[in-house]
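Student: My structure is below; once you've seen it, I'll send some questions.
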Ligand SMILES: Cc1cc2nc3c(=O)[nH]c(=O)nc-3n(C[C@H](O)[C@H](O)[C@H](O)COP(=O)(O)O)c2cc1C
Ligand code: SF4
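Residue numbers (this note's numbering): 5 to 588.
And the structure:
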């Protein structure tokens, strides 16, 4: 963990390991054993490290993908609510390929992927990494024709690739866009201490989910001695239902880089990174252009303090949004969360003091330094100052982006987006909070209903058990596998929910689900495991009839044992062990 070696950048080209692997994947449609060996040589890394990085990430493959590689988003919002599954099947039938397989002539592969951050735009997919949204059966038929004829993507209808940014409610952050150079100039004029003081006084708390005080984080980082200090922007936005950072990276990137430069100025960093989720790779070129502009206008590479930013594109792993896993991935390793403490703020990138903040946090920090802490605190509540940007989707008339002052009632948000009637709301993604109708008077706030940025709405027609199964499948898929409670527990939760849905659940299954949920919550190594069972436990508590109405009393514990054995076989690949248990 403590290394100051930047061997994850190519010594000759300064390319990041992940970018080199992406390039090979694009050219050869997979990463062969020979390529792994070659990359290991180029980067002077152990072959095993490169091989595990490839194996770890969903977007890197050791078996060839199709020349057209399609990934349907299976997020609850677009995959379940808006029929993404049927569209996938339709495309598979039209092109005669099975989901998850590559057609024998190498033309096409079709698969699912976790949420791609387009939940406000209907069913969506990635084709060779580029998003296409607003899918329907007509578009799918046209798409199939283009693929069958091998029409290059450049000749597909241009508007298919448009990603619309629909902002329905703006508050200060999305209305005012102060000039970056002026903000930096102000910070340089008042100095490091006063800049930090403004941030501390503002009460700003991180917008990525955990809500840690941003000024405090910058202060601790700056006070921790190190060979170097680093600034990292977490642009991994992988929580299903969340797409607000997509907007910010598209339309407010200069403010983001300003916030990062301010942080660098305060903590004394010369190098920053934006860790961009692979699903947003389509934004890479425009972000690079903005960076270039910032270098020209003196925001970066300023004569008074030298700071620059590198963008690193991830490779499809939700866990890399967890800050220590993100740093591991930045360091060219599989994104397995570190043991904390120590926290990244003292032992982060290359073991050095590192600030990791969310995209929105950096942008908000830039605003605060420009307008002052008093102006910022005028909005929000005493303990949750300012505003929050939310991604709203699901059963509502106006899905999109909304900026609300903290303290706003959930009911207000439901009214604004045209959601009526509403059975339940999932706020903060599958790892967040499930609210029933009696809770809609609660407010958006760190000490009430907290959210990293999403609000997913379910009308009365929705089967919440299907929603839970979707969430459970997400966690089982995204668990990094490092610790047993999460790796096995998330799979068992998925299986138990499937059993209930298939009419094979008993009262015993419910009890097991509860026990399992608590075990995963309390015994897991990192935040993914700690939150993976929230939705089930809340669902069992707030919507018990969703589960109880599917139970069959005649099923006994024997059935649950069968289920567990099936999972054990799947996880361990040890039929003999399971067979032995079977005989007991
Ligand atoms: C499984 C998991 C996924 C996460 N994903 C993100 C993410 O996509 N974006 C983000 O900013 N924070 C994410 N976080 C929180 C980060 O670990 C970290 O707290 C955050 O980036 C700090 O920034 P902030 O203080 O500005 O909120 C995630 C945490 C966990 C446990
Ligand atoms: S809790 Fe899950 S995601 Fe976190 S380390 Fe354990 S297996 Fe990995």
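Idealized CB from N, CA, C, for every residue including glycine.
Is the beta carbon of residue 451 closer than 8 Å to that of residue 423?
Tutor: As a working mapping, residue 423 is identified with position 419 in the chain shown. As a working mapping, residue 451 is identified with position 447 in the chain shown. Cβ distance not < 8 Å, so residue 423 and residue 451 don't count as in contact.
Student: Report the residue from 207, 276, 340 whose alpha carbon sits nearest the alpha carbon of residue 528.
Tutor: Walking along the chain shown from the start, residue 528 turns up at place 524. For residue 528, the nearest C-alpha among the options comes from 340.
Student: Taking all protein chains shown into account, decide if residue 90 is buried (16 or more other Cβ within 10 angstroms of its Cβ) or exposed.
Tutor: Residue numbering aside, residue 90 sits at position 86 when the chain shown is read from its first letter. By the 10 Å Cβ count, residue 90 comes out exposed.
Student: What are the partner residues of residue 409, as DSSP defines its beta bridges?
Tutor: As a first step, residue 409 is located in the chain shown; it is residue number 405 there, counting from the start. Partner(s): 391.
Student: Tell me the rounded alpha-carbon separation between residue 101 and residue 68.
Tutor: Taking the first residue of the chain shown as 1, we reach residue 101 at position 97. Taking the first residue of the chain shown as 1, we reach residue 68 at position 64. In a straight line, the C-alpha of residue 101 is about 14 Å away from that of residue 68.
Student: Within 7 Å: the Cβ of residue 229 and any heavy atom of ligand 2?
Tutor: Residue numbering aside, residue 229 sits at position 225 when the chain shown is read from its first letter. The answer is no for residue 229.
Student: Would a C-beta distance cut-off of 8 Å place residue 418 and residue 406 closer than the cut-off?
Tutor: Position 414 of the chain shown, counted from the start, is the residue given in the question as residue 418. Position 402 of the chain shown, counted from the start, is the residue given in the question as residue 406. Result no, Cβ atoms of residue 418 and residue 406 do not sit closer than 8 Å.
Student: Which residue wins for smallest C-alpha separation from residue 275, given the options 265, 283, 412?
Tutor: The count along the chain shown starts at 1 and reaches residue 275 at position 271. When each option's Cα is compared against that of residue 275, the closest is 265.
Student: Let me have the residue list for ligand 2: C-beta closer than 6 Å to any non-hydrogen atom, ordered along the chain.
Tutor: Listed by chain position, these are 323, 341, 483, 484, 485, 486, 487, 490, 491, 528, 529, 530, 532, 533.
Student: Residue 30: buried (16+ other C-beta within 10 angstroms of its C-beta) or exposed?
Tutor: The residue you call residue 30 lines up with position 26 of the chain shown. The residue is exposed, with fewer than 16 neighbouring Cβ atoms inside 10 Å.
Student: Measuring straight from C-alpha to C-alpha, what distance separates residue 2 and residue 379?
Tutor: Within the shown structure, residues of the chain are numbered from 5 to 588, placing residue 2 beyond reach of any answer.
Student: With DSSP as the reference, please indicate the residues paired to residue 13 in a beta bridge.
Tutor: Mapped onto the chain shown, residue 13 falls at position 9. In the DSSP output, where bridge partners are listed per residue, residue 13 has 20.
Student: To which residues of the same chain is residue 298 closer than 6 Å at the C-beta, ignoring the five residues directly before and after it?
Tutor: Within the chain shown, numbered from 1, the residue matching residue 298 stands at position 294. These residues qualify, in order along the chain: 261, 304.
Student: Bridge partners for residue 448 per DSSP, in chain order?
Tutor: For the purposes of this step, residue 448 is identified with residue 444 of the chain shown, where counting begins at 1. For residue 448, which the question treats as bridged, DSSP gives the partners 453.
Student: Between the segment 63-83 and the segment 106-113, can you find at least three pairs of beta-carbon atoms closer than 8 Å?
Tutor: With the cut-off at 8 Å, the segment 106-113 and the segment 63-83 touch.
Student: To the nearest angstrom, how far is it from the Cα of residue 182 to the Cα of residue 366?
Tutor: Counting from one through the chain shown, the residue named residue 182 turns up at place 178. Counting from one through the chain shown, the residue named residue 366 turns up at place 362. Those two C-alpha atoms are separated by around 14 Å.
Student: When burial is assigned at 16 or more other CB atoms within 10 Å of the CB, is residue 560 buried or exposed?
Tutor: In the chain shown, residue 560 corresponds to position 556, counting from 1. In this predicted model, residue 560 has a pLDDT of only 46, less than 50, meaning its place in the structure is not dependable enough to derive any value.
Student: Closest by CA to residue 409, which one among 239, 174, 556?
Tutor: Along the chain shown, read from residue 1 onward, the residue named residue 409 stands at position 405. Measuring from the Cα of residue 409, the nearest candidate turns out to be 174.
Student: Compute the beta-carbon to beta-carbon distance between residue 230 and residue 279, rounded to the nearest angstrom, for a pair I have assumed lies under 8 Å.
Tutor: Translated into the one-based positions of the chain shown, residue 230 becomes position 226. Translated into the one-based positions of the chain shown, residue 279 becomes position 275. With 8 Å as the limit, residue 230 and residue 279 do not qualify as a contact, their Cβ atoms being about 20 Å apart.
Student: Beta-carbon separation of residue 116 and residue 139 under 8 Å?
Tutor: As a first step, residue 116 must be located in the chain shown, where it is residue number 112. As a first step, residue 139 must be located in the chain shown, where it is residue number 135. Their beta carbons are not under 8 Å apart, which means residue 116 does not touch residue 139 by this criterion.
Student: Please name the residue in 131, 137, 167, 166 whose C-alpha comes closest to that of residue 150.
Tutor: Counting from 1 along the chain shown, the entry for residue 150 is found at position 146. For the residues 131, 137, 167, 166, the minimum Cα distance to residue 150 belongs to 131.
Student: Is residue 216 close to ligand 1? I mean its beta-carbon at under 7 Å from any heavy atom of the ligand.
Tutor: As a first step, residue 216 is located in the chain shown; it is residue number 212 there, counting from the start. Yes; taking the cut-off as 7 Å, the Cβ of residue 216 has a heavy atom of ligand 1 nearer than that.
Student: How many Å lie between residue 550 and residue 436 at the Cα?
Tutor: For this step, residue 550 is matched to residue 546 along the chain shown. For this step, residue 436 is matched to residue 432 along the chain shown. Straight-line Cα distance between these residues: approximately 19 Å.
Student: Which of the three DSSP states, helix, strand or coil, is assigned to residue 384?
Tutor: As a first step, residue 384 must be located in the chain shown, where it is residue number 380. Here residue 384 sits in strand by DSSP.
Student: Output needed for residue 301: all residues of its chain with C-beta closer than 8 Å, excluding positions within five of it in sequence on either side, in chain order.
Tutor: Here residue 301 corresponds to residue number 297 of the chain shown, with the count starting at 1. Within the same chain, residue 301 has close Cβ partners 184, 185.
Student: Please state if the CB of residue 224 and the CB of residue 360 are separated by a distance shorter than 8 Å.
Tutor: Here the question's residue 360 lines up with position 356 in the chain shown. Here the question's residue 224 lines up with position 220 in the chain shown. It is not a contact, given that the beta carbons lie outside the stated cut-off.
Student: In whole angstroms, what is the alpha-carbon distance linking residue 585 and residue 536?
Tutor: Reading the chain shown from its first residue, position 581 is the one you call residue 585. Reading the chain shown from its first residue, position 532 is the one you call residue 536. Residue placement at residue 585 is flagged as unreliable, the pLDDT there being 38, under the threshold of 50; the coordinate-derived value follows with that caveat. When rounded, the distance between both Cα atoms is 28 Å.
Student: Going by Cα to Cα distance, which pick from 97, 256, 176, 136 is closest to residue 75?
Tutor: As a working mapping, residue 75 is identified with position 71 in the chain shown. Out of 97, 256, 176, 136, 136 has the C-alpha closest to the C-alpha of residue 75.
Student: Could you check whether the Cβ of residue 224 sits closer than 7 Å to any heavy atom belonging to ligand 1?
Tutor: Here residue 224 corresponds to residue number 220 of the chain shown, with the count starting at 1. No - ligand 1 has no heavy atom lying nearer than 7 Å to the Cβ of residue 224.
Student: Nearest-angstrom Cα distance between residue 415 and residue 385?
Tutor: In the chain shown, residue 415 corresponds to position 411, counting from 1. In the chain shown, residue 385 corresponds to position 381, counting from 1. Answer to the nearest angstrom: the Cα atoms are 18 Å apart.
Student: If we count the other Cβ atoms within 10 Å of its Cβ and call it buried at 16 or more, is residue 15 buried or exposed?
Tutor: Stepping through the chain shown from its first residue, residue 15 is reached at position 11. It is exposed - the Cβ of residue 15 has fewer than 16 other Cβ atoms within 10 Å.
Student: Over the uninterrupted beta strand (DSSP E) stretch that includes residue 275, give me the two end residues.
Tutor: Locating residue 275 in the chain shown gives position 271, where the first residue counts as 1. Unbroken beta strand (DSSP E) run through residue 275: 275-280.
Student: Let me confirm a value: residue 526 is counted as buried when at least 16 other C-beta atoms fall within 10 Å, else exposed. Which label applies?
Tutor: To locate residue 526, count along the chain shown from 1; it is residue 522. Exposed.
Student: Between residue 542 and the rest of its own chain, which residues show a CB-CB distance below 6 Å, the 5 nearest in sequence each way excluded?
Tutor: Locating residue 542 in the chain shown gives position 538, counting from the first residue. Excluding sequence neighbours, residue 542 sits near 438.
Student: For the beta strand (DSSP E) containing residue 172, name the first residue and the last one.
Tutor: Translated into the one-based positions of the chain shown, residue 172 becomes position 168. Start and end: 171-173.
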